[in-house]
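Quick note on the working numbering: the sequence shown kicks off at 384 and runs consecutively. Structure, as structure tokens:
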Amino acid sequence: MKKFIPACLIFLMILFVGRPTVFAQEPTGQAETSAPKVFVIVKHDGARFYGHILSQDAREVLIETEELGQVYIPRHEIREIREVASRELDERGVYVPGEVFSTRYFITTNGLPVQKGENYILWNLYGPDFQFGVSENLGLGVMTSWIGYPIVGSAKYTIPLKNDWHLGLGMLLGTGSWGIPDFLGALPFGAITYGDRVKNFTFSAGYAGLRYKEEIYEYNPNYWDYSENYREETRHEGSFLFSASGMFKVGRTLSIVFDSFYLPAGPERTETFQNTYYNWETDSYYTITETYTSQRSAILAIIPGMRFQTRPEAAFQFGFAGIRAEGETLPIPLVQWFRRL
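Given below as structure tokens:
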């Protein structure tokens, strides 16, 4: 059995694009008129309007938008009204809406807070991923393949910190379902995020543990004591995982997304076998002991891509994953569709 060659560790650096700085004017002797505030109105169906509120009462709100002009919105259709923060404005003072699906990258998640009612489905080429905002800062989900194997449940709780820092704590629990019912996996993780839904950078780490059964074949060719035996042995494996990810909007509908993860090489595993052979010249049997050493290779994946916010309730993203393992690099295209539920 050949010894696997661990993949080389690649040093990864990401330059996080900071927010534009807003400079205040020095006070003058003349009275200044402050610019009208910009508000965002979110309806129950997910539609968003942003602009200047001209008037509002108990029945409706009149807002001046750049795209549609003046729009009357009935009060009972409104889910949220909030003032736009300065960090959500570009250098020209134009509102850049935050990503609805900004709590996810390609594979990993981050520490940005999950809002109640933020439910969506992520369609992958291999299967669906359902995510539900069950309460403020708590999200639950389930993902699988098109054949229902495996099935992985997820949970994440987010804690807002100071100065645009956020902490996310979560867990992934998986099973081989009908394909490999004896397979179980768990991945507790933590993610620290700097930024908001317009721009953010995340470093995350976790520990993946696996439990599965392996079939062991034993064979004794001795003519007088011939035997064959199959037995199952439960295996336990585990490894740390690390990830650096980020995203930032470069326009109203376009975002740059970067994802990665690194799985260090596993420990060396040694197995010893005794094989019995017959020597025709001496008319006798002899035993040879053979020892095999194996090691799982390190795995590094780097995934750059782009996300298009096609509608307020939908987005499309694609990228190319470069996976480095056992001294070889494998490119894999990734295509994903987001859709709010």
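We treat Cβ as the ideally placed atom computed from N, Cα and C, and that holds for glycine. The model shown is predicted, which means the values in this text are computed figures rather than measured ones.
Sheet register partners of residue i (DSSP bridge)
i, result
"I530", "Its beta-bridge partners do not exist; DSSP assigns none."
"D579", "DSSP lists no partner for D579."
"G452", "T448"
"D642", "I686"
"Y660", "Y669"
"Q514", "Y503, G524"
"Y488", "DSSP lists no partner for Y488."
"F631", "K582, I639"
"E598", "E615"
"T674", "T655"
Residue i classed as buried or exposed, judged by whether at least 16 other C-beta atoms fall within 10 angstroms
i, result
"E482", "buried"
"Q719", "buried"
"S677", "exposed"
"V423", "buried"
"Y584", "It is worth fixing the name first, because residue 584 is Phe in this sequence and not Tyr. By the neighbour-count rule (16 or more Cβ atoms within 10 Å), F584 is buried."
"D642", "buried"
"E711", "exposed"
"I374", "Examination of residue 374 is not possible in this model, given that the chain is present from 384 through 724 alone."
"A390", "Because the pLDDT of A390 is 38, which lies under 50, any placement of that residue in the model is unreliable, and the number read from its coordinates should be weighed accordingly. Burial call: buried."
"E409", "Annotation note: pLDDT 38 at E409 (below 50); position unreliable, no value reported."
"G412", "The predicted position of G412 is uncertain, since its pLDDT is 42 and thus under 50; no value can be drawn from it."
"V633", "exposed"
"L555", "buried"
"I446", "buried"
"P419", "exposed"
Residue range of the unbroken beta strand (DSSP E) whose run includes residue i
i, result
"A708", "697 to 708"
"W720", "711 to 723"
"Q439", "431 to 439"
"W548", "548 to 559"
"I504", "503 to 507"
"R462", "461 to 466"
"I424", "422 to 426"
is_contact[residue i, chain B] using C-beta, thresh 9 Å
i, result
"E501", "Absent from the structure: chain B. Only one protein chain is present."
Residue i and residue j closer than 9 Å at C-beta
i, j, result
"P647", "F631", "no"
"S626", "M689", "no"
"Q700", "F489", "yes"
"G516", "V497", "yes"
"Y590", "G568", "no"
"E374", "V421", "As shown, the chain starts at 384 and ends at 724. That puts residue 374 outside it, with no answer to give."
"L505", "F484", "yes"
"A578", "D547", "A small fix is needed here, since residue 578 is Gly in this sequence, not Ala. Yes. Within cutoff."
"T541", "L521", "yes"
"P695", "F703", "no"
Residue from the options with nearest C-alpha to residue i
i, options, result
"A708", "I682, P543, Q692", "I682"
"K539", "N493, F721, T636", "N493"
"F572", "S537, G500, V581, V454", "S537"
"K596", "F432, V633, H619", "H619"
"I706", "M689, Q700, S680", "S680"
"S628", "L495, I464, V444", "L495"
"I671", "G702, T659, E664", "T659"
"E450", "Y503, Y433, E460, W529", "Y433"
"I530", "Y600, I563, G522", "I563"
"I461", "L521, D440, G702", "D440"
"H435", "D428, H427, T448", "T448"
"R442", "S518, G557, A698, H459", "H459"
"H427", "N502, V581, F721", "N502"
"E466", "R431, R652, K499", "R431"
Closer than 8 Å: residue i CB and nearest the ligand FMN heavy atom
i, result
"I599", "Absence of the ligand FMN from the depicted structure is noted, as is the absence of any ligand whatsoever, leaving it without description."
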